[in-house]
Structures are given as structure tokens and as C-alpha cells.
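Note that the protein sequences, when read in sequence, are chains A and B.
To convert, note that position 44 of the first sequence is 44 in the numbering used here; the numbers rise steadily by one, no gaps.
Add 329 to a position in the second sequence, counting from 1, and you land on the number used in the numbering used here.
For glycine and all other residues, C-beta sits at the position ideal for the given N, C-alpha and C.
Right, one structure below, let's go through it.
Protein chains: 2
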Amino acid sequence: MATIKDVARMAGVSASTVSKYINGGHLRQENVESIRNAIDALDYRVNPFARSLKAQRSRSIGILLPDISAPFYGSVVMALDKCFREHGYHTLISCYGSNHGLERDNLSFLITNGIDGLIYIPEDLSADEFYELTGNFSIPTVQVDRIIQGVASDAVLVNNTDAVYQAVSLLVQRGHRRIAAITGPKSVFTAKERLVGYLRALSDHGILYDDALVISDENDFATGYRGFEALMAQLDRPTAIFTTNYDITIGLVTAAREQGVRIPEDLDIFGFDCVEICTMMKTPLPVVHQPEQEIGQTAAGYLIDRLEGYGGLPRTTRLECRIEPSGTI
Amino acid sequence: MATIKDVARMAGVSASTVSKYINGGHLRQENVESIRNAIDALDYRVNPFARSLKAQRSRSIGILLPDISAPFYGSVVMALDKCFREHGYHTLISCYGSNHGLERDNLSFLITNGIDGLIYIPEDLSADEFYELTGNFSIPTVQVDRIIQGVASDAVLVNNTDAVYQAVSLLVQRGHRRIAAITGPKSVFTAKERLVGYLRALSDHGILYDDALVISDENDFATGYRGFEALMAQLDRPTAIFTTNYDITIGLVTAAREQGVRIPEDLDIFGFDCVEICTMMKTPLPVVHQPEQEIGQTAAGYLIDRLEGYGGLPRTTRLECRIEPSGTI
DNA sequence: GCACAAACGCGAAACGTTTCGCGTATGCAC
DNA sequence: GTGCATACGCGAAACGTTTCGCGTTTGTGC
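Here's what the structure looks like:
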């Protein structure tokens with residue numbers, strides 16, 4: 001494995017000149033050429049550890065999230081990865097599986113591994129814990145999708161409340177008065193916000209809230225599947241159901257179909273996230289679609305700004321969701 | 330940020346003694362204690378770059394794959410990430426989006442970033458290209474899910490042929506003679522193998538192959554959805570359809586349902602991968618289920634063995650898929 | 001052809017760790 | 001109390017890069 005000294009020797013210059021060449025300095029034309037030749041001949045590559053040690057930065061970005069196998073997160077991470085790579089950063093991905101201890105440990109692990117910046121989808125850490133783990137290292141952070149109350153960092157969120165408000169309002173316009181909701185854990189930021197949109201829409205349309213119509217459990221298939229059964233077992237059934245997550249939506253629709261319940265004739269459903277699946281149906285299921293690409297791009301942009309020295313106050317972006325199919329409203 | 334020298338000074342020992350402590354050497358009890366105290370007091374953490382520079386290894390593993398947002402890959406990566414973390418490695422994940430140029434670039438990028446080992450789900454690289462990019466660095470590699478012909482590395486695959494053979498045989502046992510298949514691109518390793526299983530099952534049961542019944546396109550929802558339409562538009566329709574991928578399965582089922590085609594009464598379907606969705610249906614859709622956890626664990630184990638010095642011949646494991654729901658056969 | 005300014009390249013030091021060989025302290029047996 | 005073997009800690013060197021200040025070369029204007 002060739003070093004910068006080997007290149008310098010072969011090119012007949014000093015190591016510092018080669019370094020200057022690599023890092024974009026101005027050199028005499030003849031030196032440029034001989035260095036380029038030497039690098040090619042030796043197949044020289046900069047040693048990233050020596051560089052990081054000296055320069056005190058690694059050009060690596062930590063991404064800490066609950067679960068990379070969830071399609072929404074997967075898509076966001078794809079977008080992040082692409083943006084960072086295009087700017088010469090690489091990504092260290094770490095999943096904590098909605099486990100509090102692991103969320104702590106993996107955050108600590110990323111920091112210990114010398115990340116320059118952090119993309120963080122939090123779940124169960126307090127502001128105190130976050131600062132305890134990161135405070136002394138003051139790593140630029142962008143929170144994505146959710147935020148920890150009391151942590152002042154850049155953040156990229158979606159406008160959960162408005163999106164859900166629109167969706168539920170649409171169901172009202174279609175004539176529904178008994179509209180149920182199946183959501184994820186109430187302790188999670190996004191579930192809370194989405195519930196607020198639901199409540200506000202009901203209230204603005206003069207519909208009384210009935211807590212028998214709201215089911216909060218895990219963000220998974222089973223919650224949607226069993227939620228359907230629980231709601232339909234009631235005497236005064238809902239005529240429409242709104243969901244707040246990909247897996248819940250699929251579980252719900254699957255259960256409805258199995259029971260021979262026609263959508264939307266017998267039961268109206270408004271889904272979340274699974275736009276590819278839902279919009280290709282003959283009678284497309286309307287869904288709230290979060291802009292994964294845009295989320296990733298915005299978050300990566302914020303972080304890169306910070307890494308390049310931007311020192312302004314923390315910024316928060318609320319990206320708008322789209323209702324799909326777009327002609328629905 | 331405290332260094333090892335600060336710790337040494339505070340503990341009243343030399344830096345080399347602290348290093349010995351950190352790396353598990355044997356020290357006098359009083360030194361152990363004063364060093365531990367100093368580390369706590371200063372919140373000292375090893376600088377990973379200095380360590381990597383000196384020790385010539387980074388404890389980082391590259392994972393190169395097409396698309397992290399696909400649920401199957403996502404699950405495998407979750408398992409890999411967990412195993413490596415438990416052994417003190419972290420993962421550098423890089424997606425190339427089924428793009429040949431990116432597959433090259435990202436491989437090169439990972440190597441340039443000093444990974445100790447590589448987990449690789451290949452698609453479109455030749456053995457020559459692979460060796461050109463990695464040869465001089467001889468990085469321990471485990472190929473997963475697919476392999477490049479001519480690259481001799483450890484590999485973890487599933488027994489695609491047998492799994493599909495079983496699935497198609499099951500359809501035959503149920504009385505089907507016209508069994509269609511919808512698969513991914515024929516150039517991809519897994520699609521090829523799965524097609525072999527399909528052909529062999531037909532042949533073993535004395536069924537003539539009809540190439541109008543085989544559709545090969547992308548591994549996506551649209552392929553399944555349109556595949557249904559194309560197959561059902563034929564004069565001599567299939568009575569059963571077999572798929573080889575998650576998205577294709579969902580597309581196919583969605584299309585069938587929209588047309589009011591009853592499964593399995595009107596059309597029998599055998600799906601792939603989407604076990605969570607399919608087994609929760611009232612009449613569970615049988616699927617081939619790949620053992621994502623086991624794949625990840627086995628691959629991580631192989632790589633860790635190599636990193637710890639194992640020098641045996643390349644090993645290949647073929648893991649068995651399961652037919653779900655398990656009582657199907 | 002000379003003087004000066006600008007451009008450019010060089011060497012040394014530093015980043016924070018691990019490793020290696022050597023020297024000192026320790027403990028044991030007599 | 002002495003001698004020896006062992007255990008332990010120390011200092012120095014090395015990993016490969018970037019950076020900084022200084023000295024040399026180059027070019028320009030007269």
C-alpha cells in the first residue's frame with residue numbers, strides 16, 4: 001500500500017507538495033503531471049485514518065434510527081446516503097430497534113466512532129440524556145421525522161397535523177360522521193401530532209370525539225388487522241377508518257378484504273405511506289404520502305451547511321405531505 | 330477532548346500503561362483503579378482514527394447492496410448490523426440502486442474508507458472488475474444472496490432452486506397443470522436459480538413448459554400487477570401463479586383482488602417473502618420465506634472468522650427457505 | 001541586467017494511539 | 001539478607017497525513 005511519501009519520491013517532490021496537490025492547491029504544471037503519474041502508477045489512495053487524525057474530521061455521518069427495514073425509513077436513508085455521498089461523506093448507519101438501552105448505546109457508539117455529524121430519528125431519549133451523551137462533543141445534529149422536546153437542533157419534520165386534518169376532512173366531505181383512527185404508540189411524537197390533526201378535524205366539523213373509535217398500539221401489521229376486528233365488533237360501527245402508518249394500513253386493508261367488506265362502498269379507508277401499493281388499485285385507496293426524498297435531501301442539506309461552518313440558529317422545516325392519488329381532493 | 334496522555338498524567342502512569350489497560354492487559358490493582366477513575370473523570374474515549382492509523386485496522390465493515398428500502402434487504406441488514414455491533418464492529422452501508430457505475434464507485438469508495446471487511450450483495454459486476462477494485466487490498470468478503478461467477482469468497486445464499494421446486498410442486502399437488510411464474514430480471518442470479526426450480530418441478534411432474542406462462546421483468550410492484558393482466562388476457566389462462574419477489578407478489582395479489590378474482594378458488598397464488606402480510610390473511614397465501622435473520626447471522630459470522638484470522642478455503646452456505654404458513658405442505 | 005514581489009516547494013512538527021525492548025520493582029526461595 | 005526469576009511499567013518510535021513558516025525560485029518592470 002503506497003503512502004504519500006512513495007508518491008513524493010517517485011514524483012521527485014516533497015510529501016507536502018503531494019498533499020497540496022491532493023487537497024487542491026496550486027502547483028507548477030510539471031509537478032502536477034509528475035504527481036498525477038506517480039499516483040496512477042502506485043495506485044495511491046489517501047489513508048483516511050491518517051487524514052482524519054490530522055485534520056480532526058472524518059467526513060463520516062452517523063444515522064441513528066429505529067429500524068432500517070421499515071420502507072419509509074429505508075427510503076429516507078436511501079436519499080440521505082445519496083446526498084452525503086455526492087458531497088464526499090459516507091454514512092454510518094445504526095438501528096436501535098425501538099429499544100431504549102440500544103438507543104443510548106448506539107448513539108454513544110456512533111460518537112465514539114468519530115462521526116462529524118448526526119442524523120437522528122429519536123424515539124425514547126430525553127433531552128438530558130441526549131446532551132449527556134453528545135454535549136461535550138457538540139456534534140452537529142439534524143433530527144428527522146420526530147424531535148426530542150428540549151433539544152435545540154435543526155429538524156426536518158412533516159406537517160403531520162395538517163396532513164391528517166386534510167385527510168379526515170376529506171372523509172367528512174364524503175359524508176362520514178363516525179370516523180375511526182388507528183395509530184401507533186401515543187408516546188411517539190408523530191402519533192401524537194397525527195392524533196391532533198384528527199381531533200381538530202372532527203372538532204372543526206362539529207363531530208363529537210368518541211374514544212372508542214381511536215386505537216393506539218404498535219406501528220405494525222397486527223395493529224391494523226386487529227384494529228379492524230375490534231372496530232367492526234362495536235355496535236355503532238365506524239363508516240370510515242383513518243390510519244397513520246404503512247404497516248397498520250396494510251393490516252387493516254387485508255382484514256377488510258378477508259371479511260368481504262368492500263372499500264369504499266362498505267367502509268371508507270384513508271391510509272398512510274403505502275402510496276405505491278394503494279394508488280395502483282383499481283379504486284385507488286387514498287393515502288397520506290410523506291415526501292421521503294425531500295426529507296432526506298433537506299436533512300442532508302442542513303447538516304452539510306453546519307459542517308461547512310454555518311452557525312445560524314436551529315432551523316426547522318415542516319414539509320407538506322401529499323394526498324394521493326392527487327385528484328382525490 | 331481528553332487524550333490518553335491526559336489520562337496517564339491524571340492517573341500517574343505512562344500512556345503505554347493506559348493503552349495496556351484499555352486493550353485488556355494485566356496491571357497492578359492500584360493502577361487499574363486510578364486509570365479507571367481518570368477515564369471516568371475526564372470522560373476519555375479512545376480516538377478511533379489514531380487507533381486505526383496505528384493498528385492498521387478500523388473495525389468497520391462495508392455493506393454494499395442495491396437498495397436498503399427493500400424489506401428483504403432491510404431485514405438482512407438489520408441482522409448484520411446487530412451482529413457486527415455486538416462484536417465491536419460498525420457498519421458502513423452503501424446502496425448502488427442497481428446502477429452499474431454506482432456499484433463500482435461505491436465499492437471503491439468503501440475500500441478507500443478503510444473497511445476491514447465487506448458484505449456484498451452483487452448485481453452487475455464481473456469478477457475482473459471486482460478483483461481490479463479490491464485485489465490489491467485483499468479485503469475479506471462475504472457475498473450474500475447472490476454471487477459473482479468467478480469470485481472465490483465466502484458466500485451465504487438460500488437454496489432458491491429447492492424452495493421454488495417445493496412451492497411449484499405444491500401447486501401441482503393441488504391439481505394445477507398450467508402454472509405461471511412472474512420473476513425478476515433474468516440477468517440476476519436469484520431469478521435464474523428460481524427459474525431453474527420452476528422448470529425442474531414442471532419437468533419432474535411431466536408438465537410441458539410453455540414460455541407464454543413465464544414473465545420476467547423488474548423486481549417491483551408494477552411487474553406483478555401487469556403480469557396478472559397479461560397472464561389473464563391469454564386464451565388458455567393459468568390456474569396458478571408463482572412469484573419470486575416481495576413486490577411482485579403484492580402487485581399480483583392487488584391486481585387479482587381488484588378484478589374480483591378469488592384466491593385460491595379462482596386462481597391459486599404462491600408468493601415470495603411477504604410472510605407477515607400473507608400469513609395473517611384469513612386464507613393465508615402460501616409463500617416462500619427466506620430466513621433473513623439467519624442469513625445475516627451466518628454472513629456476519631463468516632466475516633468475523635476471517636477478520637480473526639481464519640484462513641480456510643472459501644465456504645458457501647445454502648440456507649433453506651421455509652414454506653409459510655408452515656402447515657401448508 | 002538588476003531589484004523586488006510573488007509564487008511555490010520544503011522540512012519539521014503535530015495529530016493520538018499502539019508496540020517493542022528494556023529497565024526497575026516485586027516476590028520468592030534459600 | 002542475598003540472588004534470581006518474574007511481573008510490570010516506561011520511553012521512544014512509528015503509523016500517514018496536514019499545516020505552518022521559511023527559504024528559494026520565478027517572473028516582472030525598469
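Quiz prompt | R647/B, buried or exposed, once every other Cβ within 10 Å from all chains shown has been counted against 16 | solution = Your numbering for residue 647/B matches position 318 in the second sequence. It counts as exposed.
Quiz prompt | Test item: CB-CB of V617/B and A496/B under 8 Å | solution = Sequence index remark: in the second sequence, residue 617/B carries index 288 (1-based). Sequence index remark: in the second sequence, residue 496/B carries index 167 (1-based). In contact: V617/B and A496/B (Cβ atoms closer than 8 Å).
Quiz item: Smallest Cα separation from G12/A: which of A230/A, G25/A, I39/A and N23/A?
Solution: Residue 12/A sits at position 12 when you count from the first residue of the first sequence. Comparing Cα-Cα distances from G12/A to each of A230/A, G25/A, I39/A and N23/A, the minimum goes to I39/A.
Practice problem: Taking T441/B as part of the alpha helix (DSSP H), name the residues at either end of that continuous run. | Solution: What you label residue 441/B is simply residue 112 of the second sequence in a count that begins at 1. Here the alpha helix (DSSP H) through T441/B covers H429 to T441.
Quiz item: Can the beta-carbon of L421/B be found closer than 8 Å to that of S398/B?
Solution: Translated into the one-based positions of the second sequence, residue 421/B becomes position 92. Translated into the one-based positions of the second sequence, residue 398/B becomes position 69. The answer is no: Cβ separation not under 8 Å.
Quiz item: Are N574/B and D595/B closer than 8 Å when you measure CB to CB?
Solution: As a working note, residue 574/B is residue 245 in the second sequence. As a working note, residue 595/B is residue 266 in the second sequence. No.
Quiz item: P400/B touches chain A at which residues, Cβ-Cβ below 9 Å?
Solution: What you label residue 400/B is simply residue 71 of the second sequence in a count that begins at 1. Within chain A, the residues near P400/B are S69, A70, P71 and G74.
Quiz prompt | Own chain residues within Cβ distance below 6 Å of S216/A, not counting five before or after | solution = Within the first sequence, the letter at position 216 stands for residue 216/A. Correct list, in chain order: T183 and K186.
Exercise. Kindly indicate if chain A contains any beta-carbon less than 8 Å away from that of V616/B.
Key: Within the second sequence, numbered from 1, the residue matching residue 616/B stands at position 287. No, no contact with chain A.
Quiz item: Does DSSP classify S75/A as helix, strand or coil?
Solution: Numbered from its first residue, the first sequence carries residue 75/A at position 75. Three-state result, S75/A: helix.
Practice problem: Classify Y21/A as buried or exposed, calling it buried when 16 or more other Cβ atoms lie within 10 Å of its own Cβ. | Solution: Here residue 21/A is taken as the residue at index 21 of the first sequence, counted from 1. The residue in question, Y21/A, is buried, as its Cβ has 16 or more Cβ neighbours within 10 Å.
Practice problem: Excluding the 5 residues preceding and the 5 following P643/B in the sequence, name in chain order all residues of the same chain whose CB lies nearer than 6 Å to its CB. | Solution: Locating residue 643/B in the second sequence gives position 314, where the first residue counts as 1. Answer for P643/B: A481, S482 and D483, listed in chain order.
Self-check item: L53/A: contacting residues in chain B (beta-carbon distance under 8 Å)
Solution: As a working mapping, residue 53/A is identified with position 53 in the first sequence. Per Cβ cutoff of 8 Å: N376, F378, A379 and L382.
Quiz prompt | Cβ pair G206/A, G224/A closer than 8 Å | solution = If you number the first sequence from 1, residue 206/A lands on position 206. If you number the first sequence from 1, residue 224/A lands on position 224. Cβ atoms of G206/A and G224/A: not closer than 8 Å.
Quiz item: In chain order, what residues of the segment 342 to 358 of chain B put their CB closer than 9 Å to some CB of chain A?
Solution: none
Self-check item: Beta bridge counterpart(s) of I390/B as assigned by DSSP
Solution: Numbered from 1 along the second sequence, position 61 holds the residue referred to as residue 390/B. Bridge partners of I390/B: T420/B and G446/B.
Quiz item: Taking the alpha carbon of V582/B as the point to measure from, which residue in L564/B, R566/B and I606/B has its own alpha carbon closest?
Solution: In the second sequence, residue 582/B corresponds to position 253, counting from 1. The residue with the shortest Cα to Cα distance from V582/B is I606/B.
Exercise. Step through the CB atoms of chain A and report whether any lies within less than 8 Å of the CB of F599/B.
Key: The sequence position of residue 599/B within the second sequence is 270, counting from 1. Cβ-Cβ to chain A under 8 Å: no for F599/B.
Quiz prompt | Member of Q385/B, Y639/B, A379/B and L431/B whose CA lies at the smallest distance from the CA of K341/A | solution = Any answer about residue 341/A is impossible in this case: the structure gives chain A only from 1 up to 329.
Quiz item: Would E324/A pass as a contact of A79/A if the rule is Cβ separation under 8 Å?
Solution: Here residue 324/A refers to the residue found at position 324 of the first sequence. Here residue 79/A refers to the residue found at position 79 of the first sequence. Contact flag unset, no.
Quiz item: Given a limit of 8 Å on CB to CB distance, which residues of the segment 417 to 431 of chain B reach chain A?
Solution: H419, T420, L421, I422, S423, C424 and G426
Self-check item: Under 9 Å from the C-beta of G464/B: neighbouring residues of chain A
Solution: Numbered from its first residue, the second sequence carries residue 464/B at position 135. Within 9 Å Cβ-Cβ: nothing; G464/B doesn't reach chain A, min ~10 Å.
Self-check item: Assigned secondary structure, T283/A (DSSP; H/G/I helix, E/B strand, else coil)
Solution: Translated into positions along the first sequence, residue 283/A becomes position 283. Looking at T283/A - three-state DSSP - the assignment turns out to be coil, as it is neither helix nor strand.
Practice problem: Measure from the C-beta of F130/A to each C-beta in chain B and report whether the shortest distance is under 8 Å. | Solution: The sequence position of residue 130/A within the first sequence is 130, counting from 1. Chain B contact via Cβ: absent.
Practice problem: Go ahead and label G114/A buried or exposed: buried means 16 or more other beta carbons lie within 10 angstroms of its beta carbon, across all protein chains shown. | Solution: Mapped onto the first sequence, residue 114/A falls at position 114. Buried, by the Cβ-count rule.
Practice problem: State the start and end residues of the unbroken beta strand (DSSP E) segment that holds Q472/B. | Solution: Looking up residue 472/B in the second sequence gives position 143. Residues T470 to V473.
Quiz item: Going along the chain, which residues of its own chain have a beta-carbon closer than 8 Å to the beta-carbon of T463/B, five neighbours each way excluded?
Solution: Within the second sequence, the letter at position 134 stands for residue 463/B. So the qualifying residues of the chain are L436, I440, L447 and T470.
Quiz item: Taking the continuous beta strand (DSSP E) assigned at L157/A, which residues delimit it?
Solution: Along the first sequence, read from residue 1 onward, the residue named residue 157/A stands at position 157. Its beta strand (DSSP E) spans residues D154 to V158.
Exercise. Closer than 9 Å by beta-carbon distance: list the chain B residues that pair up with D6/A, in chain order.
Key: Mapped onto the first sequence, residue 6/A falls at position 6. Result: empty, since nearest Cβ-Cβ is about 14 Å, beyond 9 Å.
Exercise. Could you tell me which uninterrupted alpha helix (DSSP H) segments, each at least 4 residues in length, are contained entirely in the segment 584 to 652 of chain B, listed from first to last along the chain?
Key: 604 to 608 and 621 to 636
Quiz item: Taking just the CA atoms, how far does L102/A sit from P238/A?
Solution: The residue labelled residue 238/A in the question sits at position 238 within the first sequence. The residue labelled residue 102/A in the question sits at position 102 within the first sequence. Taking the straight line from one Cα to the other gives about 39 Å.
Quiz prompt | Test: M407/B CB closer than 8 Å to a CB of chain A | solution = Reading the second sequence from its first residue, position 78 is the one you call residue 407/B. Closer than 8 Å: yes.
Self-check item: CB contact below 8 Å: T627/B versus chain A
Solution: Within the second sequence, the letter at position 298 stands for residue 627/B. Judged by the 8 Å Cβ criterion, T627/B is not in contact with chain A.
Quiz item: Could you give the residue range of the beta strand (DSSP E) that holds T332/B?
Solution: By 1-based counting over the second sequence, the position of residue 332/B is 3. Neither: T332/B is in no beta strand (DSSP E) and is coded neither H nor E.
Exercise. Spatial neighbours of R174/A within its chain, please: CB distance less than 7 Å, with the 5 preceding and 5 following residues excluded, ordered by chain position.
Key: As a working mapping, residue 174/A is identified with position 174 in the first sequence. Result list for R174/A: D268, in chain order.
Quiz item: To the nearest angstrom, how far is it from the Cα of P48/A to the Cα of S58/A?
Solution: In the first sequence, counting from the first residue as 1, residue 48/A sits at position 48. In the first sequence, counting from the first residue as 1, residue 58/A sits at position 58. If I take the Cα positions, the gap works out to 8 Å.
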